[in-house]
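Residue numbering for the first sequence follows our numbering, starting at 66 and increasing by one per position.
Don't be surprised by glycine CBs; every beta carbon is placed ideally from N, CA and C.
Everything below concerns the one structure shown next.
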Amino acid sequence: MSERARGEEAAAGKAVAPGAAAVRGTRDILPPESSRWQWVEGVARRVCERYGYREIRTPIFEAATVFTRGIGEATDIVEKEMYLFRDRAGRELALRPEGTAGVVRAFLEHKLYAGPLPVKLFYLGPMFRYERPQAGRYRQFEQFGVEAFGSADPAIDAEIISLGIAFLEAVGLDRWELRLNSIGCPTCRAAYREMLVTELSPRRQELCRSCEQRLERNPLRILDCKEPGCQLLVEPLPGLESYLCSDCRAHWETVQHYLGELGISYRKYPRLVRGLDYYTRTVFELVGTGLGSQDALLGGGRYDGLVEAMGGPSVPGIGFAAGLDRLLMSLAGGDGLPPAAAATDVYVARAGEVPMGAVLQLAERLRRAGIRTELELAGRSLKAQLKVADRLGARFVVIAGEAEWARGLVTLRRMADGLQEEVARTEVPGRLSELISET
RNA sequence: GUGAGCGUAGCUCAGAUGGUUAGAGCGCCAGGUUGUGGCCCUGGAGGUCGUGGGUUCGAGUCCCGUCGCUCACCCCA
Numbered sequence: 066m067s068e069r070a071r072g073e074e075a076a077a078g079k080a081v082a083p084g085a086a087a088v089r090g091t092r093d094i095l096p097p098e099s100s101r102w103q104w105v106e107g108v109a110r111r112v113c114e115r116y117g118y119r120e121i122r123t124p125i126f127e128a129a130t131v132f133t134r135g136i137g138e139a140t141d142i143v144e145k146e147m148y149l150f151r152d153r154a155g156r157e158l159a160l161r162p163e164g165t166a167g168v169v170r171a172f173l174e175h176k177l178y179a180g181p182l183p184v185k186l187f188y189l190g191p192m193f194r195y196e197r198p199q200a201g202r203y204r205q206f207e208q209f210g211v212e213a214f215g216s217a218d219p220a221i222d223a224e225i226i227s228l229g230i231a232f233l234e235a236v237g238l239d240r241w242e243l244r245l246n247s248i249g250c251p252t253c254r255a256a257y258r259e260m261l262v263t264e265l266s267p268r269r270q271e272l273c274r275s276c277e278q279r280l281e282r283n284p285l286r287i288l289d290c291k292e293p294g295c296q297l298l299v300e301p302l303p304g305l306e307s308y309l310c311s312d313c314r315a316h317w318e319t320v321q322h323y324l325g326e327l328g329i330s331y332r333k334y335p336r337l338v339r340g341l342d343y344y345t346r347t348v349f350e351l352v353g354t355g356l357g358s359q360d361a362l363l364g365g366g367r368y369d370g371l372v373e374a375m376g377g378p379s380v381p382g383i384g385f386a387a388g389l390d391r392l393l394m395s396l397a398g399g400d401g402l403p404p405a406a407a408a409t410d411v412y413v414a415r416a417g418e419v420p421m422g423a424v425l426q427l428a429e430r431l432r433r434a435g436i437r438t439e440l441e442l443a444g445r446s447l448k449a450q451l452k453v454a455d456r457l458g459a460r461f462v463v464i465a466g467e468a469e470w471a472r473g474l475v476t477l478r479r480m481a482d483g484l485q486e487e488v489a490r491t492e493v494p495g496r497l498s499e500l501i502s503e504t
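This is the structure:
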């Protein structure tokens, strides 16, 4: 048997009895960390509420065409990053790689355009892209996104950007940069694209391999290519800004004006093009620090043609998505996080021959009284139980000791100073509520 | 898809040049107090050294395959 054949056999053997492990690019979020997730999600919800955005929950998978048509055939996401599969009836489905296309589909399906505009929505949930995982990039990742349909007013561009910043600030992130650009409408972009093609075509050999392809498929993307050779070629060419039609120019200038009035500082970023085809006019990114090379925390823009392209009426739209994994990561070192809360208020310990059923009842009464209560279930010594109580951060321990139990009493111990008192079993919930609120 | 680094106890890691029973700190369990936490002391449990093969008298250590992780490219959240 060749070495290679052996290797394959080993791999196959492993596939038959796979070790328990989350698949590549996915991960488990375990208790202390899961509370941080609940916290950011709560912040996102509260910020949205303040701005008048309401939650929409769309399916995690959709017909693949929702994304191929929505995001664009020539994008990296559609070309190589989608999780595609067929269900048992042969339907072509995809795990959602981003949120906007699905929200637009729902917007159309439920004819929300027939109601009062603008329709302002937000979503929270996992997205899926088949990419090589690295710092701040997972195959299943969590996004918080916002979409507003039905307003072409530059004011909503400013509002959305301001919402994004409010969110970052609310989670305690103070170091970020807003990058802003306008990529015009199909009309002015076509003119610009034509200029790019005529200027670059004669020197196509000097472009990198992928930009050579982009020249045909998506020339705008050459602008944000990081290859020095490509940059060199693009550098002397005029920016998109000078090609904007009068409407787009007016929009672009007004957005900047409003941002100024909101006191939001930004950097014009003529190279910011973004990887999804549906964007028009305003595009922006909020980038963070300390994130390695995946530094885009939040990105979005206007997509005035998307609803129509997906078969609906001509309704303008704008939105952004924020990567929560990255956000949490950039917060990890800082002090923006809330202190880890104690896991419990009260620990019920058992010493000696005290009936477990009665102790369960006691704990149950405390819990019904709204007191977070933990009890001994492992049969440890009292010493060990107190140690556990301490570790859990319990402020009080109810000691159900054999001696006092026989007299209808239990001992209450305040962990901070070790002060103890004996209390009638029936009065434990009331007394503990008192003691807890005292502090 | 491409490149580089790394896989040793639950966690963080040490194990030059291949050589006896693979170690530490933290954590966990127990004892020191037959009913009292934090500090301290003592003891204990816990390891297919990712995995398959090769070289060798002998492999955690060297070689190859493979899987995984990490970082970077690409791209994006």
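Alpha-carbon to alpha-carbon, residue j and residue i
| i | j | result |
| --- | --- | --- |
| residue 492 | residue 352 | 56 Å |
| residue 87 | residue 205 | 11 Å |
| residue 279 | residue 285 | 8 Å |
| residue 342 | residue 140 | 7 Å |
| residue 232 | residue 481 | 37 Å |
| residue 347 | residue 499 | 57 Å |
| residue 97 | residue 104 | 12 Å |
| residue 490 | residue 194 | 57 Å |
| residue 131 | residue 166 | 6 Å |
| residue 297 | residue 245 | 22 Å |
| residue 456 | residue 424 | 21 Å |
| residue 434 | residue 501 | 12 Å |
| residue 127 | residue 376 | 16 Å |
| residue 317 | residue 211 | 21 Å |
| residue 161 | residue 144 | 14 Å |
| residue 420 | residue 445 | 15 Å |
| residue 182 | residue 253 | 27 Å |
| residue 322 | residue 207 | 33 Å |
| residue 186 | residue 497 | 44 Å |
| residue 485 | residue 478 | 4 Å |
| residue 469 | residue 437 | 24 Å |
| residue 458 | residue 452 | 10 Å |
| residue 349 | residue 311 | 21 Å |
| residue 443 | residue 418 | 15 Å |
| residue 505 | residue 109 | Past the edges of the chain, shown from 66 to 504, lies residue 505, and the structure says nothing about it. |
Residues that residue i bridges to, as DSSP identifies them
| i | result |
| --- | --- |
| residue 479 | 461 |
| residue 413 | 440, 463 |
| residue 351 | 243, 363 |
| residue 18 | As displayed, the chain neither begins before 66 nor continues past 504, which places residue 18 out of reach and without an answer. |
| residue 192 | 206 |
| residue 488 | 475 |
| residue 177 | DSSP lists no partner for residue 177. |
Own chain, CB closer than 7 Å to residue i, minus 5 neighbours either side, in chain order
| i | result |
| --- | --- |
| residue 304 | 335 |
| residue 371 | 135, 169, 343, 382 |
| residue 94 | 102 |
8 Å contact criterion, which residue i and residue j should meet: CB distance rounded
| i | j | result |
| --- | --- | --- |
| residue 121 | residue 171 | 6 Å |
| residue 222 | residue 367 | 6 Å |
| residue 192 | residue 164 | 7 Å |
| residue 247 | residue 327 | The Cβ separation is near 18 Å, so there is no contact. |
| residue 250 | residue 319 | That pair is no contact at about 15 Å. |
| residue 294 | residue 277 | No, residue 294 and residue 277 are not in contact; Cβ-Cβ is about 11 Å, not under 8 Å. |
| residue 146 | residue 196 | 6 Å |
| residue 190 | residue 125 | 7 Å |
8 Å Cβ cutoff met for residue i and residue j
| i | j | result |
| --- | --- | --- |
| residue 224 | residue 116 | yes |
| residue 391 | residue 359 | yes |
| residue 129 | residue 157 | yes |
| residue 387 | residue 214 | no |
| residue 188 | residue 91 | no |
| residue 289 | residue 338 | yes |
| residue 412 | residue 439 | yes |
| residue 447 | residue 416 | yes |
| residue 483 | residue 476 | no |
| residue 302 | residue 226 | no |
| residue 202 | residue 354 | no |
| residue 463 | residue 474 | no |
Other residues of its chain near residue i: CB distance less than 6 Å, five sequence neighbours each side excluded
| i | result |
| --- | --- |
| residue 380 | 178, 214, 215, 372 |
| residue 363 | 229, 351, 385, 387 |
| residue 494 | 430, 431, 434 |
| residue 441 | 414, 415, 450 |
| residue 257 | 305, 308 |
Contacts around residue i, its chain only, beta-carbon distance under 8 Å, and the 5 residues preceding and following it disregarded
| i | result |
| --- | --- |
| residue 340 | 140, 141, 142, 286 |
| residue 119 | 113, 185, 186, 187 |
| residue 461 | 410, 411, 412, 477, 478, 479, 480, 497, 500, 501 |
| residue 356 | 200, 201, 362, 391, 394, 395 |
| residue 260 | 302, 303, 308 |
| residue 198 | 89, 90, 204 |
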